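Since the structure comes first, as structure tokens, the remarks are kept for the end.
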Amino acid sequence: MANVRVNSPNVKYTEKFIEAKYEYQTTKIESSDESGVMLVGWGGNNGTTFTAAVLANKLKLQWETIRGVQTANWYGSITQASTVLLGVVGNEEVYAPMNALLPMINPDDIEIDGWDISGVNIGDAMQRAQQLDKIRADIRDFKTSKNLDKVIVLWTANTERFSEILPGVNDTADNLLKSITENHFEVSPSTLFAVAAAFEGCTYINGSPQNTFVPGMIELAERENVFIAGDDFKSGQTKLKSVLVDFLVTAGIKPVSVVSYNHLGNNDGYNLSAPQQFRSKEISKSNVVDDMVSSNKILYKPGEKPDHCVVIKYVPYVGDSKRAMDEYTSELMLGGHNTIAVHNTCEDSLLATPIILDLVILAELCARISIKRVSDYTAVTNDGFINFRSVLSLLSYLCKAPLVPTGTPLVNALFRQRAAIEN
Numbered sequence: 001m002a003n004v005r006v007n008s009p010n011v012k013y014t015e016k017f018i019e020a021k022y023e024y025q026t027t028k029i030e031s032s033d034e035s036g037v038m039l040v041g042w043g044g045n046n047g048t049t050f051t052a053a054v055l056a057n058k059l060k061l062q063w064e065t066i067r068g069v070q071t072a073n074w075y076g077s078i079t080q081a082s083t084v085l086l087g088v089v090g091n092e093e094v095y096a097p098m099n100a101l102l103p104m105i106n107p108d109d110i111e112i113d114g115w116d117i118s119g120v121n122i123g124d125a126m127q128r129a130q131q132l133d134k135i136r137a138d139i140r141d142f143k144t145s146k147n148l149d150k151v152i153v154l155w156t157a158n159t160e161r162f163s164e165i166l167p168g169v170n171d172t173a174d175n176l177l178k179s180i181t182e183n184h185f186e187v188s189p190s191t192l193f194a195v196a197a198a199f200e201g202c203t204y205i206n207g208s209p210q211n212t213f214v215p216g217m218i219e220l221a222e223r224e225n226v227f228i229a230g231d232d233f234k235s236g237q238t239k240l241k242s243v244l245v246d247f248l249v250t251a252g253i254k255p256v257s258v259v260s261y262n263h264l265g266n267n268d269g270y271n272l273s274a275p276q277q278f279r280s281k282e283i284s285k286s287n288v289v290d291d292m293v294s295s296n297k298i299l300y301k302p303g304e305k306p307d308h309c310v311v312i313k314y315v316p317y318v319g320d321s322k323r324a325m326d327e328y329t330s331e332l333m334l335g336g337h338n339t340i341a342v343h344n345t346c347e348d349s350l351l352a353t354p355i356i357l358d359l360v361i362l363a364e365l366c367a368r369i370s371i372k373r374v375s376d377y378t379a380v381t382n383d384g385f386i387n388f389r390s391v392l393s394l395l396s397y398l399c400k401a402p403l404v405p406t407g408t409p410l411v412n413a414l415f416r417q418r419a420a421i422e423n
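Residue numbering for the sequence shown is 1 to 423, as defined by full-length UniProt numbering.
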């Protein structure tokens, strides 16, 4: 159960549920179940770092470096290392750990499995339909062998090229499934894993920038009543960009040019040196300022937005230590200009790993939340409760290019995204 307990006639605690009654809804949250995560790209930098971090924290490891004794922790995770304002007592604000507000799974209890790059010759590889069956079997075996209630499948493998949206191929769920049986080349590996997860009743999270969730995949998730979330882990430069541009625009200052340069030497950097894969990353990084710009009609005319350029280079020597440089040029009053330059050196996988943990924990939590109107007796489930929609836009805080349900606004402003999680 959660460590923070609300003393109110509108909140009732039982052994398995927390029932909170509001003017407009009732929310029921079960205690957490046994859960596991399957990582696509388990042997990569992110997958191995995540596995090592879970084990190091579980075993409470310590080790010595040039900076002294280090202790395993979850710095960088909002569920494990951040607090939420509860209210005020007297003149003092009261904060509580985020993971104390509701029963969340303990990172120590997460079972880990996954897939990595195969050495099989491509000519001997299975057809897509056979691959789908094999992935589904792997998920079932993991769930059974570890006696798990839930499995979350998360893509942390290489960036793929953007898939073309083709009528009759991936535009509907049925067409997508037909394309898999026909071994159509436009069905990407990440989409194939998403389809397998959907059929096994598993949440699927896309941690890379490609458009895994083609229209047919989104329709399939809704049809199978499973969750999907993405795209692309929001770890360093993009997170800072969303904060800085939000600050400038809300201060009445007009950003007119945003230029971002990165170089890194890990496998992600190598993969992004290919033009088609880089285009996927460029799209996910470039859209981050759009909603903030469109929110201020005083600064920007319809259709106007800042020049925005993203450059990524592969430099093997620097390895996982990514260098990111940004320049923000803005217009001030009376024709003045202001330029902010930022240099950021960061260990890429150590920023991404806590985000993977948060995505897994919050996605699992979302699967245990259901809502109904007090007067609504026509909802989907037997007791009148319904779940969140399949597209988990609630996780936008953790993703560079947030996936949102059709017809809903896209929010990139970081603090608005975090407020959605807190609320």
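All residues carry an ideal CB built from backbone N, CA and C; glycine is no exception. Model, not experiment: these values are computed from the prediction.
Pairwise C-alpha distance: residue j and residue i
{"i": "V380", "j": "G44", "result": "With a pLDDT of only 48 at V380, under 50, the local geometry of the prediction cannot be trusted, and no value is derived from it."}
{"i": "E331", "j": "E304", "result": "14 Å"}
{"i": "G36", "j": "S163", "result": "29 Å"}
{"i": "I66", "j": "L410", "result": "44 Å"}
{"i": "D174", "j": "K239", "result": "37 Å"}
{"i": "V11", "j": "R5", "result": "9 Å"}
{"i": "L334", "j": "H308", "result": "24 Å"}
{"i": "K16", "j": "E182", "result": "46 Å"}
{"i": "L350", "j": "A81", "result": "14 Å"}
{"i": "N73", "j": "Q62", "result": "10 Å"}
{"i": "C346", "j": "F388", "result": "35 Å"}
{"i": "D116", "j": "N211", "result": "20 Å"}
{"i": "N262", "j": "M325", "result": "6 Å"}
{"i": "I105", "j": "I369", "result": "14 Å"}
{"i": "A52", "j": "G407", "result": "40 Å"}
{"i": "F50", "j": "I110", "result": "11 Å"}
{"i": "N412", "j": "S235", "result": "14 Å"}
{"i": "A341", "j": "R416", "result": "25 Å"}
{"i": "N7", "j": "I18", "result": "12 Å"}
{"i": "G336", "j": "L403", "result": "37 Å"}
Cβ-based burial, residue i [other Cβ within 10 Å; buried from 16]
{"i": "L414", "result": "buried"}
{"i": "I139", "result": "buried"}
{"i": "A419", "result": "exposed"}
{"i": "D231", "result": "buried"}
{"i": "I165", "result": "exposed"}
{"i": "Q70", "result": "exposed"}
{"i": "G252", "result": "exposed"}
{"i": "P103", "result": "buried"}
{"i": "F185", "result": "exposed"}
{"i": "T159", "result": "buried"}
{"i": "V88", "result": "exposed"}
{"i": "Q237", "result": "buried"}
{"i": "Y314", "result": "buried"}
{"i": "A196", "result": "buried"}
{"i": "V226", "result": "buried"}
{"i": "L176", "result": "buried"}
Beta-carbon proximity check, residue i vs residue j, cutoff 8 Å
{"i": "V245", "j": "V289", "result": "yes"}
{"i": "I361", "j": "T79", "result": "yes"}
{"i": "V310", "j": "V249", "result": "no"}
{"i": "D133", "j": "M38", "result": "no"}
{"i": "C202", "j": "V169", "result": "no"}
{"i": "V153", "j": "V40", "result": "yes"}
{"i": "I371", "j": "I386", "result": "yes"}
{"i": "P405", "j": "S396", "result": "no"}
{"i": "K322", "j": "L264", "result": "yes"}
{"i": "L86", "j": "V94", "result": "yes"}
{"i": "A352", "j": "F199", "result": "no"}
{"i": "E34", "j": "D141", "result": "no"}
{"i": "S188", "j": "W155", "result": "no"}
{"i": "L398", "j": "D358", "result": "yes"}
{"i": "P209", "j": "A401", "result": "yes"}
{"i": "I180", "j": "R136", "result": "no"}
{"i": "V254", "j": "L299", "result": "The identity of residue 254 in the sequence shown is Lys, whereas the question assumes Val. Going by C-beta atoms, K254 is nearer than 8 Å to L299."}
{"i": "D320", "j": "N266", "result": "yes"}
Cβ separation of residue i and residue j, assumed to be a contact under 8 Å, to the nearest whole Å
{"i": "D390", "j": "I228", "result": "A quick correction: the sequence has Ser, not Asp, at residue 390. Contact holds; Cβ gap of about 6 Å."}
{"i": "L192", "j": "Q131", "result": "6 Å"}
{"i": "V84", "j": "E422", "result": "5 Å"}
{"i": "V259", "j": "E327", "result": "5 Å"}
{"i": "D171", "j": "G207", "result": "About 25 Å separates the two Cβ atoms, so there is no contact after all."}
{"i": "D108", "j": "N147", "result": "Rounded, the Cβ-Cβ distance is 17 Å, inconsistent with contact."}
Cross-strand partners of residue i (DSSP beta bridge)
{"i": "V342", "result": "D326"}
{"i": "Q237", "result": "Looking at the DSSP assignment, Q237 forms no beta bridge with any residue, so it has no partner."}
{"i": "Y314", "result": "L264"}
{"i": "D307", "result": "S257"}
{"i": "G114", "result": "L39"}
{"i": "L154", "result": "L39, I205"}
{"i": "residue 424", "result": "The first residue shown for the chain is 1 and the last is 423, placing residue 424 beyond what the model contains."}
{"i": "G87", "result": "V94"}
{"i": "I228", "result": "Y204, V391"}
{"i": "V54", "result": "Bridge partners of V54: none, in fact."}
{"i": "T65", "result": "G68"}
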